[in-house]
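Engineer:
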Amino acid sequence: MRLDKFLCDCLGVTRKEATKLLKSGAIELNQKTVKSGSTKVSDQDSVCWQERELTLKGPRYIMLYKPEGFVCSHEDGFNHTAFVLLDEVRYDDLHFAGRLDVDTTGLVLITDDGQWSHRITSPKHKCSKTYLVELADPIQSHYATEIEQGILLRNEKEPTKPGVMEQIDLHTARLTISEGKYHQVKRMFAALGNKVEGLHRESIGAITLDQDLEPGEYRDLTEQEILSVWPRSKEHE
Ligand code: URA
Numbered sequence: 001m002r003l004d005k006f007l008c009d010c011l012g013v014t015r016k017e018a019t020k021l022l023k024s025g026a027i028e029l030n031q032k033t034v035k036s037g038s039t040k041v042s043d044q045d046s047v048c049w050q051e052r053e054l055t056l057k058g059p060r061y062i063m064l065y066k067p068e069g070f071v072c073s074h075e076d077g078f079n080h081t082a083f084v085l086l087d088e089v090r091y092d093d094l095h096f097a098g099r100l101d102v103d104t105t106g107l108v109l110i111t112d113d114g115q116w117s118h119r120i121t122s123p124k125h126k127c128s129k130t131y132l133v134e135l136a137d138p139i140q141s142h143y144a145t146e147i148e149q150g151i152l153l154r155n156e157k158e159p160t161k162p163g164v165m166e167q168i169d170l171h172t173a174r175l176t177i178s179e180g181k182y183h184q185v186k187r188m189f190a191a192l193g194n195k196v197e198g199l200h201r202e203s204i205g206a207i208t209l210d211q212d213l214e215p216g217e218y219r220d221l222t223e224q225e226i227l228s229v230w231p232r233s234k235e236h237e
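Set out below in structure tokens:
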């Protein structure tokens with residue numbers, strides 16, 4: 001492939017902009033500055049821009065440990081988008097497969113594969129999400145049964161789908177739900193007369209937040225994790 005085409009694909013720039021970058025001496029091919037767009041690049045070559053190696057990647061599947069203070073959207077005039085935590089040269093084609101609130105921590109999946117993320121976010125597929133919940137007031141014995149039966153949230157017509165709550169200590173619970181309504185966990189406990197003071201997502205379906213990741217760190221998903229959402233046999237369902 002020509003180097004200028006490679007730069008267009010990796011950086012999302014026009015051919016004219018790629019030529020300008022090359023002319024400015026900003027691009028290195030195998031540790032040497034190259035200025036000609038017609039230079040050929042192959043898989044074995046290393047192309048660098050601003051000390052970052054550029055690669056043409058296939059579909060992306062990433063797990064991020066989202067810290068507090070970042071939003072799961074492209075734009076927010078106030079908070080940083082969680083995308084800035086990724087060391088990606090461009091993230092305009094990536095999206096979050098299910099969002100977390102700015103003050104919620106834990107597992108976020110990021111991809112550029114819309115069909116894959118649909119299986120996580122679409123209510124039809126009932127993908128489970130597990131949260132660790134810190135509550136302001138002591139957990140009441142009736143919570144688990146009410147969550148199992150479904151809770152009518154404020155401004156909703158239908159109760160929530162059955163969920164599972166396991167009490168861990170007086171103020172902490174592990175909750176598994178299969179929907180992703182706006183602020184769902186906070187609204188569920190508000191409907192029960194309590195208040196969520198801390199929320200952390202531990203898993204989505206069979207994908208569990210990697211214990212080796214620190215807040216703000218991420219890694220690519222393994223093939224097994226990718227396929228757990230979308231088994232090959234169901235590819236064209
Ligand atoms: N439910 C919430 O209320 N907030 C989240 O971030 C995720 C689920």
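Residue numbers (UniProt numbering): 1 to 237. Backbone N, C-alpha and C fix where the C-beta goes; we use that ideal spot for every residue, glycine too.
1. Please check the pair Leu-152 and Ile-110, which I expect to be a contact at CB under 8 Å, by giving their CB distance rounded to whole angstroms.
2. Please go through the stretch 136-190 and give each complete beta strand (DSSP E) segment of 3 or more residues, from N-terminal end onward.
3. Please confirm whether Leu-85 and Tyr-218 have their CB atoms less than 8 Å apart.
4. So for Lys-234, helix, strand or coil by DSSP?
5. Taking buried to mean at least 16 other C-beta atoms within 10 Å of its own C-beta, is Thr-33 buried or exposed?
6. Quick check: does the Cβ of His-200 come within less than 7 Å of any heavy atom belonging to the ligand URA?
7. List the residues that DSSP assigns as beta-bridge partners of Leu-56.
8. Specify, as a first and last residue, the run of the beta strand (DSSP E) that Asp-220 falls within.
9. What number of angstroms, rounded off, separates the C-alpha of Ile-204 from the C-alpha of Leu-22?
10. For Glu-202, report the span of its beta strand (DSSP E) as first-last.
11. Given this structure, state the Cα-to-Cα distance separating Arg-15 from Ile-177, to the nearest angstrom.
12. Would you tell me roughly how many angstroms separate the C-alpha atoms of Thr-104 and Leu-192, rounded to the nearest one?
13. Which whole-angstrom value describes the C-beta separation of Asp-9 and Gly-37, a residue pair presumed to lie in contact below a C-beta threshold of 8 Å?
14. Phe-96: buried (16+ other C-beta within 10 angstroms of its C-beta) or exposed?
15. In angstroms with no decimal places, state the Cα-to-Cα distance between Ser-128 and Arg-154.
16. Less than 6 Å between C-beta atoms, sequence neighbours within five positions excluded: which residues of the same chain meet that for Ile-147?
17. If you draw a straight line from the alpha carbon of Asp-212 to that of Lys-40, how long is it in whole angstroms?
18. When we look at the beta-carbon of Tyr-143 and count the other beta-carbons within 10 Å, is it buried (16 or more) or exposed?
19. What does the alpha-carbon distance come out to for the pair Phe-78 and Val-71?
20. To the nearest angstrom, report how far apart Arg-232 and Arg-90 are at their CA atoms.
21. Quick one: is the Cβ of Lys-126 within less than 7 Å of any heavy atom of the ligand URA?
Structural biologist: Judging by the given coordinates:
1. Walking along the sequence shown from the start, residue 152 turns up at place 152. Walking along the sequence shown from the start, residue 110 turns up at place 110. Contact between Leu-152 and Ile-110 is ruled out by a C-beta separation of about 33 Å, above the 8 Å threshold.
2. Fully enclosed beta strand (DSSP E) runs of 3 or longer: 164-169, 172-177.
3. Along the sequence shown, one-based indexing puts residue 85 at 85. Along the sequence shown, one-based indexing puts residue 218 at 218. Cβ distance < 8 Å, so Leu-85 and Tyr-218 count as in contact.
4. Indexing the sequence shown from 1 puts residue 234 at position 234. Note on Lys-234: pLDDT 45, under 50, position unreliable in the model; the coordinate value appears next. Lys-234 falls in the helix class under three-state DSSP.
5. Along the sequence shown, one-based indexing puts residue 33 at 33. So Thr-33 counts as exposed.
6. Locating residue 200 in the sequence shown gives position 200, where the first residue counts as 1. Checking the Cβ of His-200 against the ligand URA gives no.
7. Indexing the sequence shown from 1 puts residue 56 at position 56. Leu-56 is not bridged by DSSP to any residue.
8. For this step, residue 220 is matched to residue 220 along the sequence shown. Residues 218-220.
9. As a first step, residue 204 must be located in the sequence shown, where it is residue number 204. As a first step, residue 22 must be located in the sequence shown, where it is residue number 22. Straight-line Cα distance between these residues: approximately 43 Å.
10. Position 202 of the sequence shown, counted from the first residue, corresponds to residue 202. Start and end: 196-204.
11. Here residue 15 is taken as the residue at index 15 of the sequence shown, counted from 1. Here residue 177 is taken as the residue at index 177 of the sequence shown, counted from 1. Ile-177 has its alpha-carbon roughly 47 Å from the corresponding atom of Arg-15.
12. Against the sequence shown, residue 104 aligns to sequence position 104. Against the sequence shown, residue 192 aligns to sequence position 192. Near 20 Å, if we compare the C-alpha coordinates of Leu-192 and Thr-104.
13. In the sequence shown, the residue the question calls residue 9 occupies position 9. In the sequence shown, the residue the question calls residue 37 occupies position 37. Between Gly-37 and Asp-9 the Cβ distance is about 13 Å, and since that is not below 8 Å, they are no contact.
14. Position 96 of the sequence shown, counting from 1, holds the residue named residue 96. Flag for Phe-96 reads buried.
15. Here residue 128 corresponds to residue number 128 of the sequence shown, with the count starting at 1. Here residue 154 corresponds to residue number 154 of the sequence shown, with the count starting at 1. In a straight line, the C-alpha of Ser-128 is about 22 Å away from that of Arg-154.
16. The sequence position of residue 147 within the sequence shown is 147, counting from 1. In the same chain as Ile-147, and ignoring 5 residues on each side of it, the C-beta atoms closer than 6 Å to its own belong to Gly-163, Met-165, in chain order.
17. Indexing the sequence shown from 1 puts residue 212 at position 212. Indexing the sequence shown from 1 puts residue 40 at position 40. Rounded to the nearest angstrom, the gap between the Cα atoms of Asp-212 and Lys-40 is 39 Å.
18. Residue numbering aside, residue 143 sits at position 143 when the sequence shown is read from its first letter. Flag for Tyr-143 reads buried.
19. If you number the sequence shown from 1, residue 78 lands on position 78. If you number the sequence shown from 1, residue 71 lands on position 71. Straight-line Cα distance between these residues: approximately 9 Å.
20. Within the sequence shown, numbered from 1, the residue matching residue 232 stands at position 232. Within the sequence shown, numbered from 1, the residue matching residue 90 stands at position 90. Low confidence applies to Arg-232: its pLDDT is 49, below 50, so where it sits in the model is not reliable enough to give any reading.
21. As a working note, residue 126 is residue 126 in the sequence shown. Lys-126 Cβ: outside cutoff for every heavy atom of the ligand URA.
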